[in-house]
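Chains as they are written, first to last, in the working numbering: chain A, 3 to 304; chain U, 13 to 329; chain Z, 1164 to 1421. In what follows, a single structure is set out as structure tokens and then discussed.
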Ligand SMILES: Nc1ncnc2c1ncn2[C@@H]1O[C@H](COP(=O)(O)OP(=O)(O)O)[C@@H](O)[C@H]1O
Ligand SMILES: [Mg+2]
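Have a look at this one:
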């Protein structure tokens, strides 16, 4: 009994102390590994066919595992603000080869493969290829056409093809009626604020993936900012016409009765007029950083 | 008076069984007894009586539901005390990849012995149990009886003060049994205390200073083999001849061999029985006292226990 | 302690006399030899292929040994009742467990060392010379050994309170879970409800993180593993084994033998 009891006491001591130590050690190890910044082989096997052959009847399960890796891979890179998403395509490629019916993988691909950095991998060509593969495997799923149209519209700026994709999707069962309207609108006007706003809003409303949602929300906000600034610039032009000089601050517009109250961006920060007299985001607004990031990459990436 | 070698107090062991181990079976119930220093103590009872359970409890291999025990004055949970005890389990088994010499040397290493001392003891023990020719053979090739010998050797290897043997004679041929008996007597001569269990009474009757009889998990009696026998009322046996058939009620109780009959009656009814037989024309050949053996004492207990067990089962339903 | 050492040496002796072990090690060496052939057809990345395949072989064979022998350490002695005579000697159950653990870890150390030698020979054959940076392979092997020790401890713990088959399943299960701890930590925590995310976080630290010991990619590319990581991983394994072995001793010291 004696040794039995003493071991039980020892256990009470060792478990909390030990796990406290483990906790600290793990943090240390994580930090250490992060500092090496090793490029882990996220994709050990790059041939989808080989992976599929090796996975036997567990292909869909393996697809799910690969899928979680895709999400993590993107999440990690994206959080760290790294633009290099080289492995996104092989991961998606394998995932969809393992389970062709995992439609979320195609949609994810469209969303992050296609946009230019920092939003995505900047490979709209691969995105189109992926979605077309998805359509082949899931011909009745109209959302994939929406995604295809999305890529053509935003990233390839090919409004003809975007319109065709929307039109094709509108014929599928359960397709929402706006697909047809969108087809016509895009064909007629090309890129427009309303179309862009609508498409991002739809993504925002229908996606369950938090990173997709976050991304869509950011685009919605930036779109709004862009449109706001355009309108404010127009108002400033109007002000200049009336007073002979451009407004130096927003309150000038208010005093002139051109706007009611100081106009604010989606996060509630008042807009300001910049050096060139153009309406801009407030220096305090967090949106500014995102906007700059996009602009910067737009200049770097062809 | 010195401490007893083994003191057992109210030792009880229940084994859970059945679905989810919800039910309990009592294998040992409130066992209290003592084994004095220097005694050879026989622990006897039929299979399933609880002998091995008691011994495993003493060795700390299983843990009691209630009660306690001390060996050489130390509680059984004290592992250090094992240095003074030898134990032979029931149907012992050893690492079959070792030879007899290796396994003994391995066990010897747990005691504080020098290498030379170890070697010396291992050699002596192998000789003692008659295995010196087989010492280089892996134990996987050993017979049951040979394993029993190895078990005996490891039990006494370290010159323990108390030796506990669980069924030491089982699996041995008559020669082997003799040898075990000699070893036990030798241990006694050296002043060691020996407790051994057996279901074979003759072994206990001739070897033991004292015996304890256990049936159905309960101790039914402890004492010198002779005194235990006295606990049963002795009977008288009448041997007689009778030709032809006579209407004697007693005849139905007698066993017949040809014209010869053998009849056992309680002592107080002896004279009445003789009168009756005489009256029927029987020729009395001899009258003798029946010396009840431990065996019968034992059988009686077993039968009583069976009857009781049946009653319990019925009432259990 | 001395008595635990006696048990350990006997456990090692048992392994040495077990033919299955030689077959497994031989199999691993065969795989390493085969990797030389595979390496030769993969032009330009011979070393990468040989190191990854070789380390994988060492790891897999080690896993097989540590899981199956780890579970058998105690359960076999109980089943065959060899424990009866042993525990009747002046040896504590905790000492017995510690000895068993140490014995198998010693066995694994010798085995992995033999396999590592094979791997180095294969590398030498392909490259004709070894460089300083190749020592990273030895670090990787050492990490594999740490991982195996942890698995042995877990197998030992499970075998102390359940049947061998279940103990194997539990060990394999925990090992697989331990491989994905990293992924667990990378999960988008913000999606989950607060209790769920707290639970996930706790779990990710409580479960043994076997990814810590995986430096195969670094070894394959001949990159240096920092000394701090070696120290941290060693400590991690030691602390975790201590916790698990103490728990095993607590369970085992109140267990009734059959
Ligand atoms: N591990 C166990 N689990 C359940 N019951 C047991 C166990 N070991 C013994 N028993 C029961 O305890 C009783 C006593 O067994 P035991 O002590 O081995 O008898 P014996 O006197 O023949 O040595 C038996 O009825 C047996 O069925
Ligand atoms: Mg028995």
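Every residue gets a Cβ at the ideal spot worked out from N, C-alpha and C, and that includes glycine.
Notebook entry, point to check: DSSP state of residue 312 of chain U, grouped into three classes?
Noted result: Here DSSP, grouped into helix, strand and coil, assigns residue 312 of chain U to helix.
Next item on the list: Consider the C-beta atom of residue 1238 of chain Z and the heavy atoms of ligand 1; say whether any pair is separated by less than 8 Å.
Entry: Every heavy atom of ligand 1 is 8 Å or more from the Cβ of residue 1238 of chain Z, so no.
Item checked: Where residue 277 of chain U sits in the DSSP three-state scheme -> strand
Margin query: Suppose you measure from the CA of residue 122 of chain A to the CA of residue 155 of chain A; what does that come to, to the nearest Å?
Written below: 16 Å
Item checked: Anticipated Cβ contact below 8 Å, residue 222 of chain U with residue 234 of chain U, distance rounded -> 7 Å
Checklist line | Closer than 9 Å to chain A by CB, residue 1206 of chain Z | finding: Only weak support exists for where residue 1206 of chain Z lies, its pLDDT of 49 falling under 50; the coordinates are left without a value.
Next item on the list: Tell me, to the nearest whole angstrom, how far the beta carbon of residue 65 of chain U is from that of residue 41 of chain U; I am working on the premise that it is less than 8 Å.
Entry: The pair is not a contact, with the Cβ atoms about 10 Å apart (cut-off 8 Å).
Item checked: N-terminal and C-terminal residue of the beta strand (DSSP E) that residue 178 of chain U is part of -> 174-178
Next item on the list: Please check the pair residue 275 of chain A and residue 250 of chain A, which I expect to be a contact at CB under 8 Å, by giving their CB distance rounded to whole angstroms.
Entry: Residue 275 of chain A to residue 250 of chain A, Cβ: 7 Å. Contact.
Margin query: residue 1243 of chain Z and residue 105 of chain U - do their beta-carbons sit closer together than 9 Å?
Written below: yes
Notebook entry, point to check: Okay, do the region 1181-1194 of chain Z and the region 1220-1236 of chain Z touch, 3+ Cβ pairs below 8 Å being the bar?
Noted result: yes
Notebook entry, point to check: Going straight from the alpha carbon of residue 1365 of chain Z to that of residue 1359 of chain Z, what length do you get?
Noted result: Rounded to whole angstroms, residue 1365 of chain Z to residue 1359 of chain Z spans 10 Å at the Cα level.
Next item on the list: Leaving aside the five residues before and after residue 161 of chain A along the sequence, list all residues of the same chain whose C-beta is less than 6 Å from its C-beta, in chain order.
Entry: 188, 192
Notebook entry, point to check: Cβ of residue 36 of chain U within 8 Å of any heavy atom in ligand 2?
Noted result: no
Next item on the list: At 8 Å on the CB atoms, spell out the chain U contacts of residue 1253 of chain Z, in chain order.
Entry: Result: 91, 92, 93, 94, 95, 122, 123.
Notebook entry, point to check: Tell me the DSSP bridge mates of residue 86 of chain U?
Noted result: Per DSSP, U:83.
Next item on the list: Give the single residue among Z:1379, Z:1333, Z:1259, Z:1384 whose Cα lies nearest to the Cα of residue 1370 of chain Z.
Entry: Z:1333
Note to self: Is residue 63 of chain U a contact residue of ligand 2, with contact defined as CB to any heavy atom under 8 Å?
What the structure shows: Yes.
Note to self: Which residue wins for smallest C-alpha separation from residue 167 of chain U, given the options Z:1252, Z:1236, Z:1216?
What the structure shows: Z:1252
Note to self: Using DSSP's beta-bridge definition, name the partner residues of residue 266 of chain A.
What the structure shows: Looking at the DSSP output, residue 266 of chain A bridges to A:272.
Note to self: Please report the distance separating the alpha-carbon of residue 15 of chain U from that of residue 301 of chain U.
What the structure shows: 40 Å
Margin query: Among U:276, U:89, U:116, whose alpha-carbon lies nearest the alpha-carbon of residue 1249 of chain Z?
Written below: U:116
Notebook entry, point to check: Of the choices Z:1330, Z:1375, Z:1356, Z:1174, whose alpha-carbon is the least far from that of residue 1394 of chain Z?
Noted result: Residue Z:1375 holds the alpha-carbon nearest to the alpha-carbon of residue 1394 of chain Z among Z:1330, Z:1375, Z:1356, Z:1174.
Notebook entry, point to check: Hey, is residue 178 of chain U close to ligand 2, as in C-beta under 8 Å from one of its heavy atoms?
Noted result: yes
Next item on the list: Look at residue 1403 of chain Z and residue 31 of chain A and say whether their C-beta atoms are less than 9 Å apart.
Entry: It is not a contact, given that the beta carbons lie outside the stated cut-off.
Check: Using CA coordinates, which residue listed in U:48, U:73, U:317, U:67 is at the minimum distance from residue 178 of chain U?
Finding: U:67
Check: Checking contacts by CB at 9 Å: is residue 46 of chain U closer than that to chain Z?
Finding: It does not: the Cβ of residue 46 of chain U has no partner Cβ on chain Z nearer than 9 Å.
Next item on the list: Scan the region 218-263 of chain U and note each continuous beta strand (DSSP E) run of 3 residues or more that stays entirely inside, going in chain order.
Entry: 222-227, 230-235, 247-253
Next item on the list: Leaving aside the five residues before and after residue 1192 of chain Z along the sequence, list all residues of the same chain whose C-beta is less than 6 Å from its C-beta, in chain order.
Entry: Within the same chain, 1281 come within 6 Å of residue 1192 of chain Z by CB-CB distance, once the 5 residues on both sides are set aside.
Next item on the list: Would you give the residue range spanned by the alpha helix (DSSP H) that residue 132 of chain A belongs to?
Entry: 126-139
Check: Listing by chain order, which chain U residues have their CB less than 8 Å from the CB of residue 1244 of chain Z?
Finding: 101, 103, 104, 105
Note to self: Determine, for residue 1249 of chain Z, whether the minimum Cβ-Cβ distance to residues of chain U falls below 9 Å.
What the structure shows: yes
Notebook entry, point to check: In three-state DSSP terms, what is residue 61 of chain U?
Noted result: coil
Notebook entry, point to check: Counting pairs of Cβ atoms below 8 Å between the region 24-39 of chain U and the region 95-111 of chain U, do you hit three or more?
Noted result: no
Notebook entry, point to check: Beta carbon of residue 1367 of chain Z: closer than 8 Å to some heavy atom of ligand 2?
Noted result: no
Notebook entry, point to check: What are the residues of the region 1356-1376 of chain Z that lie near chain A, defined by any Cβ-Cβ distance shorter than 7 Å?
Noted result: 1368, 1369, 1372, 1375
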